[in-house]
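Asker:
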Amino acid sequence: MWAATWCCIVFLAIVNDAVEAAESFGCRNSLISDEWREMVLTFHNKKRRTVSVGDQVSKNNQKLPAAKKMNKLTWDCNLEREATDGAAKCASYTKAGHGINEKVFAAGNTCNIETKTREVLNEWWDEITTRELVGSEVSR
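In this note's numbering, the protein residues as written are 962 to 1101.
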């Protein structure tokens, strides 16, 4: 039985060949809808596209250089399962070798997971505007 506290971990894996998300993701976890997966994936790919074409600005309104080798993201059901297992225990989940970032938050029965997820994603993405990421800090 799930406790009243939910832990949410956003996770994605990079692969070279993208699959259009209109089809089913095929993941076994019925607690996460394909609509939610699509929302998270679309958010990341739109933001990454902005970086890849050189339209992303950092601190002081300076544009970052275009990313020539930025791959489109696809969903990894195995990574989802690992993260969900960690979230069910409400434990910190940072497994070596995955290069994952996590955000854990407590929520009551009134939590709208899609709204909260969008807030977390925007919070992470907005970090790019608080740092001056030009020159030697940016790999092309």
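Even glycine gets a Cβ: it sits at the ideal position worked out from N, Cα and C.
For Thr1090, which residues from the same chain have a beta carbon less than 8 angstroms from its beta carbon, with the 5 sequence-adjacent residues on both sides left out?
Answerer: Closer than 8 angstroms at the Cβ level, and outside the excluded window around Thr1090, lie Val1018, Ser1019 and Lys1020.
Asker: Can at least three beta-carbon pairs, one atom from the stretch 995 to 1004 and one from the stretch 1021 to 1029, be found at a separation below 8 angstroms?
Answerer: No, they do not touch.
Asker: Name the two residues that bound the continuous alpha helix (DSSP H) containing Arg1092.
Answerer: It is not in any alpha helix (DSSP H) - Arg1092 carries neither H nor E in the DSSP assignment.
Asker: Who are the Cβ neighbours of Arg1092 in its own chain at under 7 angstroms, not counting the five residues just before and after it?
Answerer: Only Ser1019 and Lys1020 meet the Cβ criterion.
Asker: What does the Cβ neighbour count give for Arg1042, buried or exposed, with the cut at 16 atoms within 10 Å?
Answerer: Counting Cβ neighbours within 10 Å, Arg1042 comes out exposed, since fewer than 16 surround it.
Asker: How should Trp997 be labelled, buried or exposed, when 16 other C-beta atoms within 10 angstroms of its C-beta is the threshold for buried?
Answerer: Exposed.
Asker: Taking the continuous alpha helix (DSSP H) assigned at Met1000, which residues delimit it?
Answerer: Residues Asp995 to Ser1013.
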